[in-house]
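J.: What follows is a structure written as structure tokens; I'll ask about it next.
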Amino acid sequence: NAGVTQTPKFQVLKTGQSMTLQCAQDMNHEYMSWYRQDPGMGLRLIHYSVGAGITDQGEVPNGYNVSRSTTEDFPLRLLSAAPSQTSVYFCASSSQPGTSYEQYFGPGTRLTVT
Amino acid sequence: QQQVKQSPQSLIVQKGGISIINCAYENTAFDYFPWYQQFPGKGPALLIAIRPDVSEKKEGRFTISFNKSAKQFSLHIMDSQPGDSATYFCAASKVYSNTGKLIFGQGTTLQVKP
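Chains as they are written, first to last, in the working numbering: chain H, 1 to 114; chain B, 1001 to 1114.
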């Protein structure tokens, strides 16, 4: 099992550009989520999904869109990048939807918006 | 609003010493308290977790102490090793929740000197 994979590892965007951060898992997990990590703030939940076709907002959803067409993939879209979205983004998955148990994190995407 | 406060921000310990990281939470509805370990360039990985029905949980050199009345919990790393050098995040959540949302502390960077 590759676990949770994320691409790209690094990305630099200009203000106003859009892009999609990719996340995939091969563990057949129903629950997937996106967090952003900022210095001194820990990790904060952006969006989550409890299964294919079902997504919902987390704590800091503004400026981000998600979709879940398959169990394996959960892409995060930045609609119009802003410097405030400079961060490290982590995708996570869990085999236990409806709980916060056993969340597996990917290696992260470091995004810089200039 | 920071619902989970973690201290210290950074910690330097000699090899063989005890590392102690503290967290305090506000929401009395939280009933799951995991610790995550993150090495540079990697995603967080679940290290150890506790539910409030016990005051202590030990796994190898890692121990969580939990004080429900004080709304505090801590991670103790006994016989600290250079390989333990990493960033540690405490988190708190309601276990049974559709969001699966973890509220993370700010993180502690631990350096264990040989």
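By construction, the Cβ of each residue, glycine as well, lies at the ideal position given by its N, Cα and C atoms.
None of the values given here were measured: they were computed from a predicted structure.
Is H/Thr139 near H/Lys14, with beta carbons less than 7 Å apart?
T.: Any property of residue 139 of chain H remains undetermined from this structure, which presents chain H solely from 1 to 114.
J.: For H/Thr86, I'd like the list of residues in its chain whose CB is within less than 8 Å of its CB, leaving aside the five on either flank, ordered along the chain.
T.: Leu111, Thr112, Val113.
J.: Which term fits B/Arg1051, buried or exposed, when burial requires 16 or more other beta carbons within 10 angstroms of its beta carbon?
T.: Exposed is the call here.
J.: Suppose the cutoff is 7 Å on Cβ atoms and the five residues either side in sequence are ignored; what does the same chain contact list for H/Ser69 look like?
T.: If we look at H/Ser69 and ignore the five residues flanking it on each side, its Cβ neighbours are Ala52.
J.: Can you tell me whether DSSP reads H/Asp56 as helix, strand or coil?
T.: H/Asp56: strand per DSSP, three-state reduction.
J.: Would you kindly check if the distance between the Cβ of B/Ser1080 and the Cβ of B/Gly1017 is under 7 Å?
T.: Yes, the pair counts as a contact, with Cβ atoms nearer than the cut-off.
J.: Would you tell me roughly how many angstroms separate the C-alpha atoms of B/Lys1058 and H/Asn28, rounded to the nearest one?
T.: Each residue's Cα considered, the two are about 30 Å apart.
J.: In whole angstroms, what is the alpha-carbon distance linking B/Ser1085 and B/Arg1061?
T.: Distance between the alpha carbons of B/Ser1085 and B/Arg1061: 14 Å.
J.: Can you give the beta carbon distance from B/Thr1099 to H/Tyr48, rounded, assuming they're within the 8 Å contact cut?
T.: B/Thr1099 to H/Tyr48, Cβ: 6 Å. Contact.
J.: Which residues, in chain order, does the stretch 23–54 of chain H contribute to contact with chain B at a C-beta distance below 7 Å?
T.: So the list reads Tyr31, Ser33, Gly40, Met41, Gly42, Leu43, Leu45, Tyr48, Val50, given in the order they occur along the chain.
J.: Report buried or exposed for H/Tyr64, applying the criterion of at least 16 other Cβ atoms within 10 angstroms of its Cβ.
T.: Per the 10 Å Cβ criterion, buried.
J.: Report the residue from H/Val66, H/Leu45, H/Pro75 whose alpha carbon sits nearest the alpha carbon of B/Lys1101.
T.: Nearest of H/Val66, H/Leu45, H/Pro75 to B/Lys1101, Cα basis: H/Leu45.
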